[in-house]
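These notes concern the structure reproduced below.
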Amino acid sequence: MARRALITGITGQDGSYLAEHLLAQGYEVWGLVRGQANPRVSNVRELLRDVRLVRGDLLDQGSLISAVEKVHPDEVYNLGAISFVPMSWEQAELTAEVTGMGVLRMLEAIRVCSGISSSRTADRSGQIRFYQASSSEMFGQVRETPQNERTPFHPRSPYGVAKAYGHFLTQNYRESYGMFAVSGILFNHESPRRGAEFVTRKVSLGVARIRLGLAGELRLGNLEARRDWGYAGDYVRAMHLMLQADAPEDYVIGTGRTHSVRELVEAAFTAAGLNWEDYVVADQSLHRPAEVDLLCADPKKARANLGWDPGVSFEELVAMMVEADTRLLAAGPDPAQATSWP
Ligand code: NAP
Ligand code: GDD
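The opening residue of the sequence shown carries number 1 in full-length UniProt numbering; numbering runs sequentially from there.
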């Protein structure tokens, strides 16, 4: 019988790539969708035809229990979150509820549906395996570079704090109940399906608009921040590998290379044959109340234990996104107001 996976955050970037990856591995894939008339659900129906949908919301404990009872998953991937860092200052309580407490509700749904009592169970056979989407934002004001699984956390946003709660809770359920519950500490990963609000996609869409004569400038915030950017399609492979391991352990996933936003911008404009300095406008209002200046992964453990390596380089990723957005905008209306899916 096919293994069953339940994915929260199926309408997001990672949900789509993970669903495709698991379907290709022969899984029966279920996606949790929320809301009465969520416009992104039609994207899933169109692009991920073989994914089955189940209703539920990370804010609603009962709905998660019902979803787990209905699907009977072998694996649960908790990707649902408020994931845009600036929004977490504007709606800090909601971020805590969805991105933080949502992890508790999902773990409780699994625990209750699996009949796991308060005593620790050593036998993990037949258990539902749980993946939590932790984030390099937890490192925040970094204590060392590169960051690995032992680097202390110092989150710099309500989002980072909520992720740290979910991370420690996942570890706690593993230690308290013997659950196969793990976190992937993923560094920034991008693709043509990235939300238009994130900097890589904002830049690739901006370059495409300028290239096609649809815009004359691109306004950006802090150009000096550095990130370890990889390709989302590579990172979902790591999520799956973590749940196939013999022992439940947390892993850092990233490329081990860091670039500034300025370098990202330069690479994207160069890919389109343009000079970035002619178009980019620095906008102080886009700076954050507290910035994460530098992120760079040390993915040695994932390479050694999981055999995971990123396939797509930074330069290939940037060129892929610029080309995809140029094709997208040349073919039809600007998607920035609606979906950012290709
Ligand atoms: P994304 O595109 O922003 O997707 C977020 C997903 O969360 C959407 O499907 C959204 O669904 C769902 N969601 C929001 N509120 C929800 C709720 N109350 N109940 C259930 N689902 C809800 O994020 P992503 O880039 O794919 O990232 C996936 C996960 O990895 C997130 O947890 C993110 O924080 C984490 N992460 C991402 C990165 C990265 O660089 N991409 C790095 C580290 C960690 P709706 O359509 O219903 O809004
Ligand atoms: N979004 C955005 N827009 N960011 C900008 C801009 C702009 O106009 N100008 C400069 N930046 C800088 C931000 O200040 C930040 O330092 C960097 O670009 C990256 O911003 P985002 O792309 O919004 O991503 P993020 O690093 O804050 O968060 C993403 O990665 C995390 C993992 O480290 C998100 O995907 C999080 O959900 C994820 O956990």
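Backbone N, C-alpha and C define an ideal beta-carbon position, used for all residues, glycine too. These numbers were taken from a predicted model, which means no experiment stands behind them.
- Sequence-distant partners of ALA215 (beyond 5 residues in either direction) whose C-beta falls short of 8 Å from its own C-beta, in its chain, are GLY206, ARG209.
- About 4 Å separates the Cβ atoms of PRO146 and CYS296, confirming a contact at the 8 Å cut-off.
- Excluding its 5 nearest sequence neighbours in each direction, SER157 has C-beta neighbours in its own chain below 7 Å: VAL85, SER88, TRP89, GLU137, ALA290, listed in chain order.
- Here TYR159 carries a helix assignment [DSSP, helix/strand/coil].
- A straight line joining the alpha-carbon of ARG237 with that of TRP308 spans about 8 Å.
- With respect to the 7 Å criterion, THR8 and ASN78 are classified as neighbours on the basis of their beta carbons.
- The residue among GLY80, TRP30, ALA245 with its C-alpha nearest the C-alpha of VAL54 is TRP30.
- When DSSP states are grouped into helix, strand and coil, ASN43 belongs to the helix group.
- Runs of the beta strand (DSSP E) spanning 3 or more residues and lying entirely within the segment 138-207 occur at 181-186, in chain order.
- Remark: the C-beta of SER83 is in contact range of ligand 1, defined as less than 6 Å to any heavy atom.
- In the structure shown, LEU223 adopts coil according to DSSP, grouped into three states.
- Membership of ALA268 in the alpha helix (DSSP H) is indicated by the continuous run 261-271.
- In this model, ASP298 and CYS113 are separated by some 36 Å (Cα to Cα).
- Here GLU277 is exposed. Its C-beta has fewer than 16 other C-beta atoms within 10 Å.
- Following the DSSP letters along the chain, one finds TRP30 inside the beta strand (DSSP E) bounded by residues 28-33.
- Taking C-alpha positions only, LEU294 is separated from SER313 by approximately 19 Å.
- Between ALA164 and PHE153, the CB-CB gap stays under 7 Å.
- Relative to ligand 1, the beta carbon of HIS189 is positioned inside 6 Å of a heavy atom.
- Put simply, the backbone Cα of ASN222 is about 29 Å away from that of PRO333.
- Taking the Cβ of GLU90 as the reference point, every heavy atom of ligand 2 lies at 6 Å or farther away.
- For ASN222, the Cβ falls inside the 6 Å cut-off from some heavy atom of ligand 2.
- Taking all protein chains in view, the Cβ of GLY56 is crowded by 16 or more other Cβ atoms within 10 Å, so the residue is classified as buried.
- Apart from the 5 residues on each side of it in sequence, GLY140 sits with its Cβ closer than 6 Å to the Cβ of HIS154, PRO155, ARG156, GLY160, VAL292 in its chain, given in chain order.
- Counting C-beta pairs with one atom in each stretch, the segment 229-245 and the segment 171-186 have three or more that are closer than 8 Å, which means they touch.
- In this structure, the alpha-carbon of ARG34 lies about 17 Å from that of ASP14.
- Distances between the C-beta of LEU59 and the heavy atoms of ligand 1 include at least one below 6 Å.
- The beta carbon of ARG226 sits closer than 6 Å to those of THR258, SER260, LEU294, all from its chain and outside the five residues before and after it, given in chain order.
- If you look at TYR77, you'll find it in the beta strand (DSSP E) that goes 75-78.
- Just measuring C-alpha positions, the residue of GLY80, TYR279, LEU169, ARG143 sitting nearest LEU6 is GLY80.
- Between VAL318 and ALA267, the C-beta spacing is below 7 Å.
- Per DSSP, ARG3 is not a residue of any beta strand (DSSP E), being assigned neither H nor E.
- In terms of Cα proximity to ASP50, the closest of ILE65, SER16, ILE253 is SER16.
- Within 10 angstroms of the beta-carbon of SER117 lie fewer than 16 other beta-carbons, which makes it exposed.
- Comparing alpha carbon positions, the residue from GLU108, VAL98, ASP250, ARG111 closest to GLN171 is ASP250.
- Short note on ASP14: C-beta closer than 6 Å to some heavy atom of ligand 1.
- DSSP, read as helix, strand or coil, puts LEU328 in helix.
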